[in-house]
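Student: In the working numbering, the protein residues as written are 16 to 182.
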Ligand SMILES: Cc1cc2nc3c(=O)[nH]c(=O)nc-3n(C[C@H](O)[C@H](O)[C@H](O)COP(=O)(O)O)c2cc1C
């Protein structure tokens, strides 16, 4: 049973829940959805709203769904799903039916695809999207280290519309 909580009630540590536990970015419509693992991003406040930001490389299949739809979800799963998170982060939905093969269930929350096994889901509405530009990097070694193929991330900033938790 999903229960809605207020952003202030979310006591998770952002560094752990994104950087260490990882999340699944899910997007699509009722006909087709895709999800990918992400461990970069953040949550905060922007333009007077509670927001999440994510960064997605151009070759990700999930990006097609993110760009097409107005909303997406961020899904945080219990530790026992680490194997599934690894799978969702190494195989592309272009090549395999990831949702079926992973065994994870796609459900809908507020008409947005979400992962049924999540302990917490953030339903997000896109506010801003911009591809990172090489000239904007102040530390040039970041470009050398992370973008040898020039596949710069697109940064998405999205309003967190609702947060749901389940036991
Ligand atoms: C732990 C982990 C974190 C990842 N974080 C990101 C990320 O923040 N941004 C991104 O573009 N790709 C990230 N990836 C890579 C994608 O999850 C991976 O390329 C995935 O297969 C893309 O699936 P898709 O093509 O079905 O969208 C991460 C992978 C792993 C394993």
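All C-beta atoms in this analysis are idealised placements derived from N, C-alpha and C, irrespective of residue type, glycine included.
Specify the secondary structure class of residue 163 as computed by DSSP and reduced to three states.
Tutor: coil
Student: When you compare each of 143, 122, 127 to residue 67 by their alpha carbons, which one comes out closest?
Tutor: 143
Student: Less than 6 Å between the CB of residue 51 and some heavy atom of ligand 1, yes or no?
Tutor: yes
Student: Rank 36, 128, 26 by C-alpha distance to the C-alpha of residue 94 and give the top, closest one.
Tutor: 36
Student: For residue 90, does the three-state DSSP call read helix, strand or coil?
Tutor: strand
Student: To the nearest angstrom, report how far apart residue 125 and residue 69 are at their CA atoms.
Tutor: 20 Å
Student: Less than 8 Å between the CB atoms is what I'm expecting for residue 147 and residue 167, so what's the real figure, rounded?
Tutor: Yes, they are in contact, since the Cβ atoms of residue 147 and residue 167 sit about 4 Å apart, within 8 Å.
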